[in-house]
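Enquirer: Quick one: the structure is below, questions incoming.
There are 2 protein chains.
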Amino acid sequence: MTTPTPRSVNLRRVADEAGVHPSTASRALNPATRHLVAAPAAGRVQEAAARLGYRPDAAAMSLRTGRSRLVGALVPGIANPVFAPILAAAAAALAEDGHALLVADPGDDPERAAEFVAELAARRVDGLLLATVSLRDDPALAACLARGLPAVLINRSGGEGVPAVVSDDRAGMALAVRHLAALGHRRIAHVGGPAPLSTGLQRREGFEEAMAALGLPVPPGWVEAATAYGRAEGEAAASLLLARCPGVTALACANDLLALGAYDACRRAGLRIPAAISVTGHNDMPLVDMIEPPLTTVRIPHEEMGRRAARLLLDRIHQGAPAGAVVLAPTLVERGSSGPPRAGEGDAGSL
Amino acid sequence: MTTPTPRSVNLRRVADEAGVHPSTASRALNPATRHLVAAPAAGRVQEAAARLGYRPDAAAMSLRTGRSRLVGALVPGIANPVFAPILAAAAAALAEDGHALLVADPGDDPERAAEFVAELAARRVDGLLLATVSLRDDPALAACLARGLPAVLINRSGGEGVPAVVSDDRAGMALAVRHLAALGHRRIAHVGGPAPLSTGLQRREGFEEAMAALGLPVPPGWVEAATAYGRAEGEAAASLLLARCPGVTALACANDLLALGAYDACRRAGLRIPAAISVTGHNDMPLVDMIEPPLTTVRIPHEEMGRRAARLLLDRIHQGAPAGAVVLAPTLVERGSSGPPRAGEGDAGSL
DNA sequence: TTGAAAGCGATACCAC
DNA sequence: GTGGTATCGCTTTCAA
């Protein structure tokens, strides 16, 4: 390898052009130190910088200051459409503060996620947004803690004292369950998310608590956790439930992708939605209003989630603020996939 | 601001641990220069590096070598689901070469895109993937050229000699038109993409050429270009066409989002799909198989597109290869949104 | 085969 | 208020 070609326009060039020392030019261009420079000199520097199209070199700045104006994000499956609006909102909020978002997708492998944290740390990211974290002893989160890297969880909680922006998952499932109950359903099964994820656990508990509060039974075997948040996994879990739960009239799913899988399972079983069976999702990801039938689901505020997480992280980066958890309120979006149960099946009916 | 806290484990530390000079450690850790180091010393260095969990500091490396192992991507609207699989594939291919992908979303504003190029250049990205480029005199492309930054266009062509990975847009529209004609349609209108984009132009030309080749007329006003690739813009354009084109039996859309908007327009006009009117899309973005009716569309090979673009860019980065355009073959995916025209309306029927 | 030293570009101290 | 200078961590040329 050869010696690098010199950057076109650097601070020194700007300083020469303005007839000042590089130190002075640096001070004049930094809003925080500008007051240390005489007005005319500062003016000449800024003019020269603008004229030459000067931009501080990020690598040099990063090396010297230890910060990169880069924030990393870890998501499990960028293909999951629910992340698009969340990340877009986070990126926009970060951009307002001069930060760029570096998205990495380690999939569902926690060790790989921890490896990515190390790589991002080597790139000197100022902080991380984690959408991958599992509930206990997550390696990626541990890697952040070990390095003193500010981290904020998105749509996941990671235990006591870990900053996070989440939707109220228990309340969300309660909305879905009460909606189904109000339609007359009594035999409701739950397609759950992966147990090690906070969303999987909380939504399952939310389902069970809401059922109990309504005096509805949840027989053993009426809850089936999918192995991952995916359409195929949702179909597998829903198929099991359809075979196992006599007289089930509704499937409350922990996630929209699982609900799409439930659609597949119902279709294969010859059950029309919502005539024969109702299905609800969770997240209100893009396009679920266009499927047939349009999915009744629990809307989490994607944009707000991304924005709040970004702001929380920036607060931690700038002020080292401790920053607890933010819990956002979900809402129910009633569409076409839920309706009254078939006559005679709403109560403890026969098979 | 204070002086930064020293990085935990740096090259010097590794060298000390191995009992060699930092230069030697550097050589021992770089595969390209390892042969210059005596085997036992090299072994000690690698062992020490592994034991301490050493990672070279990206900022320092970047500053010294001029390369960052970072590649930028510019997309117009990260929320557009078609980009998710493309970017995921590109990121995976780049990761194999040690590069990370930095995604930026300037929306539809070309000036803003050029601004982002400057910002990414200041971050010393090794190259750029551009999905935003318009057909002529694109500012972002010009900004890359001016800086000598390797760039590859994705799903867009930018004129002679600009490296690009695209689907054969003319052929794609021809697939859709021939499919509709084979079903018996003769009165087909086109919901076009924005004219300044290569996809908008090529797909429109592909539509017109295919219609001409089949001997089907395209009366004036039967082509309407949407102002942007979006659902709302598609609805607006499709509504115009429905009002303006007597006896139209099919809408061939330049893009899936436009087709979703066409669904909205047809619904508002009380036209059932495909009974009263057929609709086709282009791209086969995620989830369009789940909408009602499932969308007949032209599939572009997303993953291959992302992968090929990444490889092309890496070739340019490493070898300065000139790298022409890659044209991929689209395929037709027949689903439920296309069917035979209503009886008596397939040929030059009355209103 | 290895050590010494320069330098990428910016910033933060210390003098003046 | 301004200039000088050391320094962040690494690579690479030059000398030995």
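Protein chains in written order, with this note's numbering: chain X, 1 to 351; chain P, 1001 to 1351.
Cβ atoms here follow ideal geometry from the backbone N, Cα and C, with glycine treated the same way.
Small disclaimer: the values here were computed from a predicted structure and weren't measured.
(1) Could you give the distance in angstroms between the alpha-carbon of G1019/P and the alpha-carbon of G1098/P?
(2) What span of residues does the beta strand (DSSP E) with M1200/P cover, start to end?
(3) Can you tell which of A1095/P, T1033/P, H1185/P and A1028/P has its C-alpha closest to the C-alpha of P1040/P?
(4) If you scan the stretch 1220-1291 of chain P from start to end, which runs of the beta strand (DSSP E) of 3 or more residues do you find wholly inside it?
(5) Mapping DSSP to helix, strand and coil, what is I154/X?
(6) Mind pulling the chain P residues with CB within less than 8 Å of I188/X?
(7) Just checking my contact of L74/X with A140/X at CB under 8 Å: how many whole Å lie between their CB atoms?
(8) Can you tell which of L101/X, L314/X and E303/X has its C-alpha closest to the C-alpha of P163/X?
(9) Residues in the stretch 1095-1129 of chain P with C-beta within 9 Å of chain X's C-beta atoms, listed in sequence order?
(10) Within 9 Å of any Cβ in chain P, is that where the Cβ of P85/X sits?
(11) Following the continuous alpha helix (DSSP H) through H318/X, name the residue where it begins and the one where it ends.
(12) Measure the alpha-carbon distance for L258/X versus G1336/P and round it to whole angstroms.
(13) Whole angstroms are fine: how far does the CA of R1124/P sit from the CA of G1066/P?
(14) Can you grab the Cα-Cα spacing for the pair L271/X / E304/X, in whole Å?
(15) Closest to N255/X by C-alpha separation, out of I277/X, G215/X, A276/X and V298/X, would be which residue?
(16) Which of helix, strand or coil does DSSP assign to S26/X?
(17) Is it right to say A15/X is buried, meaning 16 or more other beta carbons lie within 10 angstroms of its own, or is it exposed?
(18) From the beta carbon of R1173/P, is the nearest beta carbon of chain X less than 9 Å away?
(19) For a cutoff of 9 Å on Cβ pairs, would you count S78/X as touching chain P?
(20) With the cut-off set at 9 Å, would you say P76/X and P106/X are in Cβ contact?
(21) Between which residues of its own chain and L1328/P is the CB-CB distance below 8 Å, once the five residues before and five after are set aside?
(22) So, at 6 Å on beta carbons, what are the nonlocal neighbours of Q1046/P in its own chain, with the 5 sequence-adjacent residues on each side left out?
(23) Along the chain, where does the alpha helix (DSSP H) containing L1094/P start, and where does it finish?
(24) Pick out whichever of A243/X, T280/X, L260/X and F116/X has its Cα sitting closest to the Cα of L251/X.
(25) Using 8 Å as the cut-off, can you tell me whether the stretch 1231-1248 of chain P makes contact with the stretch 1261-1275 of chain P, which would need three or more C-beta pairs spanning the two stretches below that distance?
(26) Determine, for R307/X, whether the minimum Cβ-Cβ distance to residues of chain P falls below 9 Å.
(27) So what does DSSP say about A1343/P, is it helix, strand or coil?
(28) Just the Cα atoms here: how many angstroms apart are L201/X and G1072/P?
(29) By the 10 Å Cβ neighbour count, where 16 or more other Cβ atoms means buried, how is P246/X classified, buried or exposed?
(30) Using a Cβ-Cβ cut-off of 8 Å (strictly less than) and excluding sequence neighbours within five positions of G1172/P, which residues of its own chain qualify?
(31) Which parts of the stretch 1049-1077 of chain P are runs of the beta strand (DSSP E), unbroken and 3 residues or longer, counting only runs that do not cross its ends?
(32) Anything in chain P within Cβ reach of R55/X, meaning under 8 Å, just list it in chain order.
(33) Taking its Cβ as the centre, do 16 or more other Cβ atoms sit within 10 Å of H1318/P, making it buried, or is it exposed?
(34) Might you give, ordered along the chain, the residues of its own chain that have their beta carbon closer than 7 Å to the beta carbon of G320/X, omitting 5 neighbours on each side?
(35) Please list, in chain order, all residues of the same chain as P1294/P whose beta carbon is under 6 Å from its beta carbon, the five residues on each side excluded.
Expert: Reading off the structure:
(1) Cα to Cα, G1019/P sits roughly 29 Å from G1098/P.
(2) Inspection of the sequence shows that residue 1200/P is occupied by Gly rather than by Met. Looking at the DSSP string, G1200/P is not in any beta strand (DSSP E); the run it does join, the alpha helix (DSSP H), is S1198 to A1213.
(3) Of the listed residues, the one whose Cα sits closest to P1040/P is A1028/P.
(4) Restricting attention to beta strand (DSSP E) runs no shorter than 3 residues, the stretch 1220-1291 of chain P encloses them at 1223-1225, 1250-1253 and 1278-1283, ordered along the chain.
(5) In the three-state scheme derived from DSSP, where H, G and I count as helix and E and B as strand, I154/X is classed as strand.
(6) For I188/X, no chain P residue has a C-beta closer than 8 Å to its own C-beta; the minimum C-beta separation is roughly 23 Å.
(7) Contact annotation, L74/X with A140/X: C-beta distance approximately 6 Å; criterion of less than 8 Å satisfied.
(8) Between P163/X and the set L101/X, L314/X and E303/X, the nearest pair of CA atoms involves L314/X.
(9) Going along the stretch 1095-1129 of chain P in chain order, one finds A1095, A1100, L1101, L1102, V1103, A1104, D1105, A1118, E1119, L1120, A1121, A1122, R1123 and R1124 with a Cβ nearer than 9 Å to chain X.
(10) By this cut-off, P85/X is an interface position.
(11) H302 to Q319 is the span of the alpha helix (DSSP H), which, as asked, contains H318/X.
(12) Between the C-alpha atoms of L258/X and G1336/P there is a straight-line separation of about 23 Å.
(13) Approximately 7 Å between the Cα atoms of the pair.
(14) L271/X and E304/X have their alpha carbons spaced roughly 37 Å apart.
(15) Ranking the options by Cα distance to N255/X, first place goes to V298/X.
(16) DSSP places S26/X within a helical segment (H, G or I) once states are collapsed to three.
(17) Buried.
(18) Before going on, a small fix: residue 1173/P reads as Met here, not Arg. Not a single CB atom of chain X sits nearer than 9 Å to the CB of M1173/P.
(19) In the sequence under discussion, the amino acid at residue 78/X is Ile, which differs from the Ser named in the question. So, interface residue.
(20) Taking 9 Å as the cut-off, the Cβ atoms of P76/X and P106/X count as close.
(21) Listed in chain order, the non-local C-beta contacts of L1328/P below 8 Å within the same chain comprise V1165, V1166, S1167, D1168, I1300, P1301, E1304, M1305 and R1308, local neighbours out to five positions each way being set aside.
(22) For Q1046/P, where only same-chain residues beyond five positions count, there are no Cβ hits under 6 Å.
(23) Annotation for L1094/P: the continuous alpha helix (DSSP H) segment containing it runs F1083 to A1095.
(24) Comparing C-alpha distances from L251/X to each of A243/X, T280/X, L260/X and F116/X shows the shortest one belongs to T280/X.
(25) Result yes; three or more Cβ-Cβ pairs closer than 8 Å.
(26) No - not a single Cβ of chain P is within 9 Å of the one on R307/X.
(27) Coil, per DSSP.
(28) So the two alpha carbons sit approximately 37 Å from each other.
(29) Here P246/X is exposed. Its C-beta has fewer than 16 other C-beta atoms within 10 Å.
(30) Cβ-Cβ distances below 8 Å link G1172/P to R1203, G1206, H1282, V1298, I1300 and P1330 in the same chain, with the five nearest sequence neighbours on each side left out; the list follows chain order.
(31) Listed in chain order, they are 1070-1074.
(32) Identification of chain P residues near R55/X by a Cβ-Cβ cut-off of 8 Å yields A1118, E1119, A1121 and A1122, ordered along the chain.
(33) Its Cβ having fewer than 16 others within 10 Å, H1318/P is exposed.
(34) Contacts found: none.
(35) So the list reads R1335 and G1336, once near-sequence residues are dropped.
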